[in-house]
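Reading through the structure tokens given below for one structure.
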Amino acid sequence: MRSVCLYGGTVEEQTRQYEPSFIEPKWQNIWDQKGKYSVKEVCGKKKYYLLEMFPYPSGRIHMGHVRNYSIGDLMARFRMMQGYNVLHPMGWDAFGLPAENAAIKHNVHPAKWTQDNIDYMREQLKRMGYSYDWDREVSTCSGIYAKWEQWLFLKMYEKGLVYKKEAPVNWCPSCNTVLANEQVENGCCWRCETEVVAEQLSQWFLKITAYAEDLLAGCDTLTGWPERVVTMQKNWIGKSHGIEIDFPLADREGCLKVFTTRQDTIYGAIFMSIAPEHPLVEELSRGSSQETQIRAFVKRVTSQDKKFRSSEDVIKEGIFTGAYCINPMTKNSIPIFIANFVLMEYGTGAVMAVPTHDQRDFEFAKKYGIPLRIVIQPPDNCLKEEEMTQAYTEEGVMVNSGSFNGLKNTDAMNQIADYMEEHGIGRKTVNYRLRDWGISRQRYWGNPIPIIYCPECGVVPVDYKDLPVRLPMEVDFPPDGKSPLPNLPDFVNCSCPRCGSSAKRETDTMDTFVESSWYFERYASPSWDKSPFDRDAVEYWMPVDQYIGGIEHAVLHLLYARFFTRVLKDLGMVSFAEPFKNLLTQGMVIKDGAKMSKSKGNIVDPDDMVKRYGADTVRLFLLFAAPPDKDLDWSDKGVEGCSRFLNRCWRLVLGIMNAIKSRPDLKKGFSMAEMPADAEGLSKRLRQLTHQTIRKVTIDIEDRLHFNTAISRVMEMVNELYTIDLPKVLAGMPAEDSMQKKADLFAVREAMRSLILLLSPFVPHIAEEMWEEAGEEFSLFDHTWPGFDLDIAQDEDILLMIQVNGKIRSRMTVKADSTDDEIKNAAMIDIRVREWINERPVKKVILVKNRLVNIVV
RNA sequence: GCGAGAGUGGCGGAACUGGCAGACGCGCUGGACUUAGGAUCCAGUGGUAAAACCAUGCGGGUUCGAGUCCCGCCUCUCGCACCA
Numbered sequence: 004m005r006s007v008c009l010y011g012g013t014v015e016e017q018t019r020q021y022e023p024s025f026i027e028p029k030w031q032n033i034w035d036q037k038g039k040y041s042v043k044e045v046c047g048k049k050k051y052y053l054l055e056m057f058p059y060p061s062g063r064i065h066m067g068h069v070r071n072y073s074i075g076d077l078m079a080r081f082r083m084m085q086g087y088n089v090l091h092p093m094g095w096d097a098f099g100l101p102a103e104n105a106a107i108k109h110n111v112h113p114a115k116w117t118q119d120n121i122d123y124m125r126e127q128l129k130r131m132g133y134s135y136d137w138d139r140e141v142s143t144c145s146g147i148y149a150k151w152e153q154w155l156f157l158k159m160y161e162k163g164l165v166y167k168k169e170a171p172v173n174w175c176p177s178c179n180t181v182l183a184n185e186q187v188e189n190g191c192c193w194r195c196e197t198e199v200v201a202e203q204l205s206q207w208f209l210k211i212t213a214y215a216e217d218l219l220a221g222c223d224t225l226t227g228w229p230e231r232v233v234t235m236q237k238n239w240i241g242k243s244h245g246i247e248i249d250f251p252l253a254d255r256e257g258c259l260k261v262f263t264t265r266q267d268t269i270y271g272a273i274f275m276s277i278a279p280e281h282p283l284v285e286e287l288s289r290g291s292s293q294e295t296q297i298r299a300f301v302k303r304v305t306s307q308d309k310k311f312r313s314s315e316d317v318i319k320e321g322i323f324t325g326a327y328c329i330n331p332m333t334k335n336s337i338p339i340f341i342a343n344f345v346l347m348e349y350g351t352g353a354v355m356a357v358p359t360h361d362q363r364d365f366e367f368a369k370k371y372g373i374p375l376r377i378v379i380q381p382p383d384n385c386l387k388e389e390e391m392t393q394a395y396t397e398e399g400v401m402v403n404s405g406s407f408n409g410l411k412n413t414d415a416m417n418q419i420a421d422y423m424e425e426h427g428i429g430r431k432t433v434n435y436r437l438r439d440w441g442i443s444r445q446r447y448w449g450n451p452i453p454i455i456y457c458p459e460c461g462v463v464p465v466d467y468k469d470l471p472v473r474l475p476m477e478v479d480f481p482p483d484g485k486s487p488l489p490n491l492p493d494f495v496n497c498s499c500p501r502c503g504s505s506a507k508r509e510t511d512t513m514d515t516f517v518e519s520s521w522y523f524e525r526y527a528s529p530s531w532d533k534s535p536f537d538r539d540a541v542e543y544w545m546p547v548d549q550y551i552g553g554i555e556h557a558v559l560h561l562l563y564a565r566f567f568t569r570v571l572k573d574l575g576m577v578s579f580a581e582p583f584k585n586l587l588t589q590g591m592v593i594k595d596g597a598k599m600s601k602s603k604g605n606i607v608d609p610d611d612m613v614k615r616y617g618a619d620t621v622r623l624f625l626l627f628a629a630p631p632d633k634d635l636d637w638s639d640k641g642v643e644g645c646s647r648f649l650n651r652c653w654r655l656v657l658g659i660m661n662a663i664k665s666r667p668d669l670k671k672g673f674s675m676a677e678m679p680a681d682a683e684g685l686s687k688r689l690r691q692l693t694h695q696t697i698r699k700v701t702i703d704i705e706d707r708l709h710f711n712t713a714i715s716r717v718m719e720m721v722n723e724l725y726t727i728d729l730p731k732v733l734a735g736m737p738a739e740d741s742m743q744k745k746a747d748l749f750a751v752r753e754a755m756r757s758l759i760l761l762l763s764p765f766v767p768h769i770a771e772e773m774w775e776e777a778g779e780e781f782s783l784f785d786h787t788w789p790g791f792d793l794d795i796a797q798d799e800d801i802l803l804m805i806q807v808n809g810k811i812r813s814r815m816t817v818k819a820d821s822t823d824d825e826i827k828n829a830a831m832i833d834i835r836v837r838e839w840i841n842e843r844p845v846k847k848v849i850l851v852k853n854r855l856v857n858i859v860v
């Protein structure tokens, strides 16, 4: 017989303990059995599509997932309570390399490994109590998903958006596969950080560049996205306006095309630099006295790995080809160099070199003793070629530039471009940094590319009726990490769909970013089998109203998904171009100053935390410790604080209910819910607190996405309720009924109900349990989000600061309806204010409504 | 180098359009209740002897009033990076 003390130990009654390990599974089962979160399209009901980036089934959920999904669940439940028809699905980005590595290491089939992981992680997510509609679960390695993705590939093929070409590609020697440009970070593989090397390979590409302009223009419509993500996308697309200029070759046919954005400097172009990979390298250097040296140079540079070659501190070097071309403006003959810093991937792979006004060209010219020619002079001082120590890249006045002399270079830009177009020297062009998306992967565990190579017909797409091309399940994984597919005759050998002769199947699989480019549409009709998705369902749910995920996909996944959506639109399959209306990029979970990772040994396992504190506490902590878009420091102490707070809420609600239950008369008044208009005393104080809290929490969640401050508002309310000591107040209420008693009881109930409702999207289990304890009906989540009344929330008395010369010297309370003059006069006669004014004449009195009075003397 | 963001107590973080700097939580200190307290409740907690003064990276400015706006620096984080 132990007494649990409430409010200084006055209540000698056994109070039920808060036991998350009991109540959390309880409510999870109830929600599950009642199908609480499965949704249908309801005509006319306002929808809300809340999506979190689906996980790769790596084995276990980590804290970053838990943070991501806790934010999502909060927002989903909040919208549900606001009356939206909320789609909140979950699935698995299930193809990928780790499954193959596991196959080699543990001798388990990737399909089994993946499925086991999915089963385990699904249980982990269920234990967190997220409001997913599990009926819509999608796994991208399933036959049906693969089928419709291959179908989309073929549609794109028909549209000319898919092509195969031999090109230098990014090869990751550790993953044994090719990577897209977006998947190379600082010259290293995005997944394993191995240095990427260049390989010449024949590869399948998706023509994302055909949408470069549209993707860029669409950026301006992404008003619900973080600005930096939009900027990153814009930079990645990298549009630049310029002009393509023809430099005729001297002593032979043809010309060298260059792309430049600085046509104003063309009169200073006194040599030419071309990339070592440039197709004219061979021809131009033929017959040169140093042909062998040129070969050696080209070979050396092209064999350097990407990271090394593109790093800033690589010295600029080059070699003269022996050939010349003509500067079309000066008509001078200028030498053509091969230079290591010129990129074949950008522009035309050739640049006109203007050493006086481009730092790279300057360094190059200095090294090889090429003379300089200034064509732009700064407005004030006069540059001299022989005194220059660096290139002058600022604005200025044109000199040495024929008929353009004397013009501001910024003004000359267009005039020169026009002149060149008129004289057939060049064409205005737009150039993009964006490259086509290489999707071939030399891997097994991915979606097969549905293509057949026929010795008669060439490249032939698989027939639609033969979809999907299935991965063979009987496979041995070679220990060298290479794909087993090319060595499987049953898979490779097939007959040509066109002529029937024996043919070979494509053995590359698709980049897994293809799956994540349309899964959000698949959720709308996850078992649909007539096409990738049911158009009506997609039109009902899409676009995603709120998308939540890590910043690491700012370019990769988000760009691909935008591209795919545009393709679907052009295929007539959807009506919209942008898939994600609002985007929230959540920060990382940090421990001891570093991102949680196995190698750092600073991982906190969600399972352990849930076991110790319960899912609600973990969720609350992740939402409370930082705003969602900032990095979050994991703190064991902080978690305890959240656990403590939930216990406090629990005792508060149960304490009130105990007091009510022990007094039949209170119970009666308590449930009547009738509020007299002119509330005074307790009820007034309580109602004001309640409505102020509702107001702040609602704004914090809905408008500002500041969940941490929303929680702090609720904490303030709880603290305030504790100082009132409601159980004691209730116990001391008179036996006979009165209007005052009714009002007070109503206000207590309103406060308690509101408190639980405000907490519910953060901590749904304890909220549901307290709701039940408070005698309310299941389910809390059928109840609408509490509204607030501004009149009730309004303070009658306002505390005003009084400043003298901008420094706070006193404060006073005034009635909310006081006039300006009343307030000013009241401030002037304040004793402390008089001392500070000290008989000096008052120059000015500034009044800021509801804030302060400032007296200037 | 370019672009974006940030710099506030011992710590995580508050402060909407300029208007009580440090909400809320952690930690710490004291007290209450206790056989006990690492449970719970109450109080305190930026600095300094101070009711005054000083404090939001540094230096200027605008203003009655600046964490917030402007100018110039410093530092950190992120993205892009020889892009012609």
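This note's numbering numbers the first residue of the first sequence as 4 and each following residue consecutively. Backbone N, C-alpha and C define an ideal beta-carbon position, used for all residues, glycine too. Here the structure is a predicted model, which means the values were calculated and not measured.
Kindly list the residues whose CB is nearer than 7 Å to the CB of residue i, restricted to its own chain and excluding five residues on each side of it in sequence; keep chain order.
i: residue 36; result: none
i: residue 466; result: 500
i: residue 382; result: 399, 400
i: residue 844; result: 860
i: residue 333; result: 270
i: residue 439; result: 208, 209, 210, 211, 212
Below 7 Å between beta carbons: does that hold for residue i and residue j?
i: residue 51; j: residue 111; result: no
i: residue 272; j: residue 189; result: no
i: residue 804; j: residue 855; result: yes
i: residue 267; j: residue 198; result: no
i: residue 826; j: residue 817; result: yes
i: residue 734; j: residue 755; result: no
Please report the straight-line C-alpha distance between residue i and residue j, rounded to a whole angstrom.
i: residue 265; j: residue 372; result: 23 Å
i: residue 196; j: residue 104; result: 16 Å
i: residue 432; j: residue 716; result: 56 Å
i: residue 216; j: residue 47; result: 36 Å
i: residue 651; j: residue 562; result: 46 Å
i: residue 141; j: residue 102; result: 18 Å
i: residue 435; j: residue 235; result: 14 Å
i: residue 191; j: residue 313; result: 12 Å
i: residue 366; j: residue 393; result: 8 Å
i: residue 13; j: residue 526; result: In this predicted model, residue 13 has a pLDDT of only 36, less than 50, meaning its place in the structure is not dependable; the value taken from the coordinates is given anyway. Residue 13 and residue 526: Cα-Cα distance of roughly 55 Å.
i: residue 282; j: residue 64; result: 50 Å
i: residue 551; j: residue 622; result: 16 Å
So, at 6 Å on beta carbons, what are the nonlocal neighbours of residue i in its own chain, with the 5 sequence-adjacent residues on each side left out?
i: residue 326; result: 287, 339
i: residue 853; result: 801
i: residue 20; result: none
From which residue to which residue does the alpha helix (DSSP H) around residue i run?
i: residue 653; result: 639-664
i: residue 804; result: That residue, residue 804, is in no alpha helix (DSSP H); its beta strand (DSSP E) goes 800-807.
i: residue 560; result: 559-573
i: residue 87; result: Per DSSP, residue 87 belongs to no alpha helix (DSSP H) and is neither H nor E.
i: residue 725; result: 710-727
i: residue 146; result: 146-161
Where does the unbroken beta strand (DSSP E) through residue i begin, and where does it stop?
i: residue 813; result: 810-818
i: residue 258; result: 258-263
i: residue 859; result: 855-859
Could you round the C-beta distance between residue i and residue j to whole angstroms and report it? I think they count as a contact, below 8 Å.
i: residue 672; j: residue 744; result: 6 Å
i: residue 395; j: residue 419; result: Contact doesn't hold; Cβ gap of about 18 Å is too wide.
i: residue 135; j: residue 40; result: 6 Å
i: residue 240; j: residue 437; result: 5 Å
What residues in its chain sit with their C-beta under 8 Å from that of residue i, if we drop five residues either side in the sequence?
i: residue 534; result: 151, 154, 576
Cβ-heavy atom distance between residue i and the ligand NAD below 6 Å?
i: residue 727; result: With respect to the ligand NAD, the structure offers nothing, as it holds no ligand at all.
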